[in-house]
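The next block holds one structure in the form of structure tokens; read it before the comments.
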Amino acid sequence: TPSDDTRSTILVERRERVGLITLNRPKSLNALNRRLAAEVLAALHEFDADDRIGAIVITGSMRAFAAGADIAEMVDKTFVELNADDILSDWDQVRFIKKPIIAAVGGYALGGGCELALLCDFIVASEDAQFGQPEIKLGILPGIGGSQRLTHSAGKALAMDLVLTGRTIGATEAKAAGIVARVVPAGDLLQTALEAAHTIAGYNAPAVRMAKEAVNRAFEASLAEGLMHERRLFQAAFATEGQKEGMHAFLAKRAPVFRNR
Ligand code: CAA
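Following the working numbering, the numbering of the sequence shown begins with 717 at its first residue and continues without gaps.
Take a look at the structure:
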């Protein structure tokens with residue numbers, strides 16, 4: 717059998733209007749190497765450009781969503797090498813994907829794995845999921861946004877605790893901290909995430925994109941600017957066919973049929 721590095725590192729499927737990406741380097745608990753990053757990004761761009769897809773789910777295995785960036789790939793790097801050839805830069809592109817991305821997290825989401833989950837728009841976790849930023853134990857610190865996104869979603873106290881001690885928290889604590897949107901039994905994880913994605917994919921696609929953009933604006937702008945951005949997007953939604961369909965359907969007491977464009 718070929719080694720992990722000579723074959724695809726992910727599985728890519730279409731489930732009706734949902735694009736599903738399954739991280740697939742089981743021997744290293746889905747450690748995020750450069751090839752996996754490139755393959756995930758290529759799949760995300762493909763789904764984002766495809767009108768038949770309305771939402772995306774990223775998942776791993778029952779044992780690990782991802783146990784972090786690939787330590788074997790990084791161990792001998794120097795500052796100058798990483799600075800000249802940034803092996804993490806592909807991940808920076810995830811935030812430019814316009815369609816919603818749900819992380820379905822079972823097992824370990826550590827280091828870069830936790831950061832990848834935080835890069836997604838929301839996280840559905842199984843009861844056995846574990847989140848942490850253990851980079852400090854390796855003599856480094858988070859590098860794919862953990863110090864920033866964890867602080868945004870969980871606040872300074874827990875972010876400092878996790879980043880500085882390297883301790884891991886379970887799904888219940890992660891949910892209480894605002895890191896995770898929903899916690900479900902392990903057997904229901906993928907189904908729950910796919911159902912949420914199917915629901916989203918059935919709505920007025922331009923409004924879905926605008927809604928994601930509006931929420932994300934809260935992390936970049938002042939309240940006044942964010943509110944203005946939201947109001948303009950709200951007004952822009954009235955330029956879409958789906959707004960007419962959604963509102964007329966409500967008033968006619970029938971189900972809306974969105975044409976997803
Ligand atoms: N990189 C490379 N290989 C990894 C890995 C990683 N992040 N995590 C696990 N693996 C490999 C192990 O080396 C092991 O390989 P072998 O079978 O060849 O020995 C295999 O996956 C299975 O792992 P374990 O035997 O360690 O499994 P376990 O059940 O005993 O422990 C674990 C599971 C607690 C998750 C443990 O694997 C672990 O601590 N992994 C590393 C977690 C970590 O430090 N992540 C941060 C990485 S740095 C980072 O992510 C930087 C960044 O922000 C960008």
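Ideal Cβ placement from N, Cα and C applies to all residues, glycine included.
- At a threshold of 8 Å, G822 does not count as near the ligand CAA, since its beta carbon sits no closer than that to any of the ligand's heavy atoms.
- The C-beta distance from A747 to G770 rounds to 30 Å, too long to fall under 8 Å, and the pair is not in contact.
- Here A754 has D806 as same chain residues with Cβ atoms under 7 Å from its own Cβ, once five neighbours each way along the sequence are excluded.
- For I885, the shortest C-beta to heavy atom distance toward the ligand CAA is 8 Å or greater.
- In this structure, V734 is the residue among V734, R730, S724 with its C-alpha nearest to the C-alpha of A912.
- The beta carbon of A833 sits closer than 7 Å to those of F781, A819, V821, A825, I839, all from its chain and outside the five residues before and after it, given in chain order.
- The C-beta distance from V899 to A887 rounds to 5 Å, short enough to meet the 8 Å contact threshold.
- Within the stretch 734-816, the complete beta strand (DSSP E) segments of 3 residues or longer fall at 734-739, 771-775, 780-782, listed in chain order.
- At a Cβ-Cβ threshold of 9 Å, C836 and I774 count as neighbours.
- Between the ligand CAA and the CB of M790, the shortest heavy atom gap is smaller than 8 Å.
- For G855, the shortest C-beta to heavy atom distance toward the ligand CAA is 8 Å or greater.
- Judged by beta-carbon spacing, G859 lies within the 9 Å limit of G828, meaning their Cβ atoms are closer than that value.
- DSSP, reduced to helix, strand and coil, places E851 within a helical segment of the structure shown.
- Leaving aside the five residues that flank K853 on each side, the residues in its chain whose CB is nearer than 7 Å to its CB run, in chain order, G882.
- Between V810 and L760, the C-beta gap is smaller than 9 Å, which places the two residues in contact.
- In the DSSP assignment, E957 falls within the unbroken alpha helix (DSSP H) covering 957-967.
- Shown here, E929 sits in a helix according to DSSP, grouped into three states.
- Between the alpha carbons of V796 and L745 lies a distance of about 28 Å.
- If you compare the alpha carbons of Q959, P742, E941 with that of M778, the shortest gap goes to P742.
- A distance of 9 Å or more separates the beta carbons of K815 and D877.
- The Cβ atoms of A921 and F974 lie closer than 9 Å to each other.
- Between the ligand CAA and K793, a heavy atom-to-CB distance of less than 8 Å is absent.
- Contact between N749 and E789 holds: their C-beta atoms lie close to 5 Å from each other, under 8 Å.
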